[in-house]
Amino acid sequence: GESVGLHLPTLSVQEGDNSIINCAYSNSASDYFIWYKQESGKGPQFIIDIRSNMDKRQGQRVTVLLNKTVKHLSLQIAATQPGDSAVYFCAENLNSGGSNYKLTFGKGTLLTVNP
Amino acid sequence: DAGVIQSPRHEVTEMGQEVTLRCKPISGHNSLFWYRQTMMRGLELLIYFNNNVPIDDSGMPEDRFSAKMPNASFSTLKIQPSEPRDSAVYFCASSSRIRISGANVLTFGAGSRLTVL
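Quick mapping for you: the protein sequence lines, in order, are chains D and U. Going by the numbering used here, the letters in the first sequence line up with residues 162 to 276, in that order. Going by the numbering used here, the letters in the second sequence line up with residues 13 to 129, in that order.
Okay, structure coming up:
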């Protein structure tokens with residue numbers, strides 16, 4: 162079902178600290194999970210994706226962890242910088258059948274980095 | 013590459029007026045999406061085109077909404093007549109599904125913020 166979200170979950174960190182943003186997904190059949198970053202006044206921007214047969218993937222300063230047992234996804238940002246301040250969305254992608262174009266987006270988490 | 017280009021960036025109109033939002037996808041991308049973003053409902057898929065053909069319009073709220081893609085480099089989303097509840101940010105996104113496998117990674121435009129008074 163659809164949840165009513167008047168307030169985004171928020172995470173406030175100090176510059177230089179590591180950030181962990183969490184996401185619970187709903188479809189255990191999803192093949193890919195994608196993280197997007199949306200800065201104020203801009204569209205969502207792709208960060209990193211992970212296939213469902215993996216449990217960890219690393220990028221530049223970011224790591225995504227996937228726990229399929231509890232349907233949980235996390236994005237870790239190392240040495241968080243002020244430019245990382247944004248809303249972060251996870252999205253599920255079912256890459257089979259006729260609906261492989263569909264992304265189901267989470268509600269998002271607002272990350273604020275304090276200098 | 014200029015990315016996905018949307019216009020206008022901001023639109024303020026009165027209830028009952030026609031609104032047309034425009035999108036130029038990334039050259040070579042064969043999939044185009046229109047999304048709507050509100051605080052209450054988050055990002056919602058309105059319509060999906062593949063090779064200029066509408067594949068899924070199940071997210072279009074009602075008959076007041078229509079979308080076209082006359083060629084590979086241009087799409088419009090039209091609302092007629094507009095209502096205050098249509099106020100939102102409308103995003104166009106494109107992707108290239110060259111491979112059958114792989115995540116559907118979308119490139120979003122900057123969005124069109126619509127305010128209907």
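Glycine residues also receive a C-beta, built at the ideal position from the N, C-alpha and C atoms.
Quiz prompt | Chain-ordered chain D contacts of Val128/U [CB-CB under 8 Å] | solution = Your numbering for residue 128/U matches position 116 in the second sequence. Contacts between Val128/U and chain D, judged by CB atoms closer than 8 Å, are missing: the closest CB pair is about 20 Å apart.
Exercise. Rounded to whole angstroms, what's the CA-CA distance from Ala122/U to Lys229/D? Just pull it up for me.
Key: Indexing the second sequence from 1 puts residue 122/U at position 110. Indexing the first sequence from 1 puts residue 229/D at position 68. Near 33 Å, if we compare the C-alpha coordinates of Lys229/D and Ala122/U.
Exercise. Assign Arg218/D to one of three DSSP states: helix, strand, or coil.
Key: Position 57 of the first sequence, counted from the start, is the residue given in the question as residue 218/D. Arg218/D carries a strand assignment under DSSP once its states are collapsed to helix, strand and coil.
Quiz item: Between the region 31–52 of chain U and chain D, which residues of the former have CB atoms less than 8 Å from a CB of the latter, in chain order?
Solution: Of all residues in the region 31–52 of chain U, the ones placed with a Cβ closer than 8 Å to any Cβ belonging to chain D are Ser43, Phe45, Met51 and Met52, in chain order.
Practice problem: Assign Ile211/D to buried or exposed, taking buried as 16 or more other Cβ atoms, counted over all protein chains shown, within 10 Å of its Cβ. | Solution: Within the first sequence, residue 211/D is the residue found at index 50, counting from 1. Ile211/D counts as buried, since no fewer than 16 other beta carbons sit within 10 angstroms of its beta carbon.
Quiz item: So what does DSSP say about Gly121/U, is it helix, strand or coil?
Solution: Residue 121/U sits at position 109 when you count from the first residue of the second sequence. Here Gly121/U sits in coil by DSSP.
Quiz prompt | Outcome for Pro37/U when other beta-carbon atoms lying within 10 angstroms are tallied against a minimum of 16 | solution = Counted from its first residue, the second sequence places residue 37/U at position 25. If you draw a 10 Å sphere on the C-beta of Pro37/U, you find 16 or more other C-beta atoms in it, and that means buried.
Quiz prompt | chain D contact residues for Val63/U, given Cβ-Cβ distances below 7 Å | solution = The sequence position of residue 63/U within the second sequence is 51, counting from 1. The amino acid occupying residue 63/U in the given sequence is Asn; Val does not appear at that position. Near Asn63/U there are no residues of chain D at all, since even the closest Cβ is about 12 Å away, more than 7 Å.
Quiz item: Helix, strand or coil: which one does DSSP assign to Arg212/D?
Solution: Position 51 of the first sequence, counted from the start, is the residue given in the question as residue 212/D. Note: Arg212/D maps to strand in three-state DSSP.
Quiz item: Using a C-beta cutoff of 8 Å, does Ala100/U count as contacting chain D?
Solution: What you label residue 100/U is simply residue 88 of the second sequence in a count that begins at 1. No, its Cβ sits nowhere closer than 8 Å to a Cβ of chain D.
Exercise. Might you give, ordered along the chain, the residues of its own chain that have their beta carbon closer than 8 Å to the beta carbon of Gly162/D, omitting 5 neighbours on each side?
Key: Against the first sequence, residue 162/D aligns to sequence position 1. With a pLDDT of 35 at Gly162/D, under the threshold of 50, the modelled position of that residue is not reliable, and the figure given next carries that caveat. Around Gly162/D, the same chain offers no residue with a beta carbon nearer than 8 Å, after the five sequence neighbours per side are excluded.
Exercise. Identify, in the order they occur along the chain, each residue of the same chain with its Cβ nearer than 7 Å to the Cβ of Ser201/D, setting aside the five sequence neighbours on each side.
Key: Within the first sequence, the letter at position 40 stands for residue 201/D. Result list for Ser201/D: empty, nothing under 7 Å.
Quiz item: Are the C-beta of Leu57/U and some C-beta of chain D separated by less than 8 Å?
Solution: Reading the second sequence from its first residue, position 45 is the one you call residue 57/U. Using beta-carbon distances, Leu57/U counts as an interface residue toward chain D, with a partner under 8 Å.
Practice problem: Using a Cβ-Cβ cut-off of 8 Å, state whether Leu118/U counts as contacting chain D. | Solution: To locate residue 118/U, count along the second sequence from 1; it is residue 106. True, the Cβ-Cβ gap to chain D drops below 8 Å.
Quiz prompt | Rounded distance between the beta-carbons of Leu89/U and Ala79/U, thought under 8 Å | solution = Counting from 1 along the second sequence, the entry for residue 79/U is found at position 67. Counting from 1 along the second sequence, the entry for residue 89/U is found at position 77. Contact between Ala79/U and Leu89/U is confirmed by a C-beta separation of about 5 Å, below the 8 Å threshold.
Self-check item: Where Asn254/D falls, given that 16 or more other Cβ within 10 Å makes a residue buried
Solution: Here residue 254/D corresponds to residue number 93 of the first sequence, with the count starting at 1. Using a 10 angstroms sphere on the CB of Asn254/D, the tally of other CB atoms reaches 16 or more, which defines it as buried.
Self-check item: Inter-residue spacing [alpha-carbon to alpha-carbon] between Ser87/U and Arg21/U
Solution: Residue numbering aside, residue 87/U sits at position 75 when the second sequence is read from its first letter. Residue numbering aside, residue 21/U sits at position 9 when the second sequence is read from its first letter. Spanning the two alpha carbons is a distance of roughly 15 Å.
Quiz item: When DSSP builds the beta bridges, which residues end up paired with Glu30/U?
Solution: The sequence position of residue 30/U within the second sequence is 18, counting from 1. Under DSSP, Glu30/U forms no beta bridge with any residue.
Quiz prompt | Near-chain U residues of the region 196–215 of chain D (beta-carbon distance less than 9 Å), N- to C-terminal order | solution = Against chain U - using a Cβ distance shorter than 9 Å - the residues of the region 196–215 of chain D are Tyr197, Gln199, Gly202, Lys203, Gly204, Pro205, Gln206, Phe207, Asp210, Ile211 and Arg212.
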